[in-house]
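Visitor: Mind looking over this structure? Questions follow.
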Amino acid sequence: MFKYVIPKITNLFFAVNQLNYARWCVKYLDNLNKVDETHPGLKNDFMNGCFGIKRTDKPFSSIPIDLTLDQTINAEAARCLRGIAHFTDSLAAGQRWTKIHSIRANIISHVFDICGLKQLQDASADLQPNRIKIYGKQL
1 MFKYVIPKIT NLFFAVNQLN YARWCVKYLD NLNKVDETHP GLKNDFMNGC
51 FGIKRTDKPF SSIPIDLTLD QTINAEAARC LRGIAHFTDS LAAGQRWTKI
101 HSIRANIISH VFDICGLKQL QDASADLQPN RIKIYGKQL
């Protein structure tokens, strides 16, 4: 079931423009598909419900795979500049990003509709003090 769900989630990440998550999910699925070749016997552990990763030799230091994936994505994103903030010096890149914004928004809205996740627009969420602080830092 896990191998079935990951590609579906990856498609959603691509659809809602979460490219780091999408990219790392593809890598994770590839690793999962090759687990018999790279780590013989590990598939049996997975089948028995062992879904944790130990990064150290300390006892009780395992963390869930999804948390490990999230931490890896965040660490990788912090190492290299990503997003609109990275290419603001490039006029052409900024123009391309602006031109396709409405297309991306329409695709995301369509995916939300299909998935039953349509939300009414609520601008008040963006006006919360913590959001204003986050957006201010992004500028």
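So the sequence shown is numbered by full-length UniProt numbering: it starts at 1 and just counts up by one. For each residue, glycine too, the CB sits at the ideal point set by N, CA and C.
Helix, strand or coil: which one does DSSP assign to Gly94?
Guide: Reduced to three states, the DSSP call for Gly94 is helix.
Visitor: Measuring only the C-alpha atoms, how far is Gln128 from Lys137?
Guide: Whole-angstrom Cα-Cα distance: 14 Å.
Visitor: Does the beta-carbon distance from Val35 to Leu29 come in below 8 Å?
Guide: Result no, Cβ atoms of Val35 and Leu29 do not sit closer than 8 Å.
Visitor: Please identify the residue among Arg104, Asp45, Asp57, Arg55 whose C-alpha is closest to the C-alpha of Phe13.
Guide: Ranking the options by Cα distance to Phe13, first place goes to Arg104.
Visitor: Whole angstroms is fine: what's the gap from Asp45's alpha carbon to Asn33's?
Guide: Between Asp45 and Asn33, the C-alpha separation is close to 14 Å.
Visitor: Going by DSSP in three states, residue 141 sits in which element: helix, strand or coil?
Guide: With the chain covering only 1 through 139, there is no way to say anything about residue 141.
Visitor: Could you give the first and the last residue of the continuous alpha helix (DSSP H) run that contains Gly136?
Guide: Segment 129-138, the alpha helix (DSSP H) holding Gly136.
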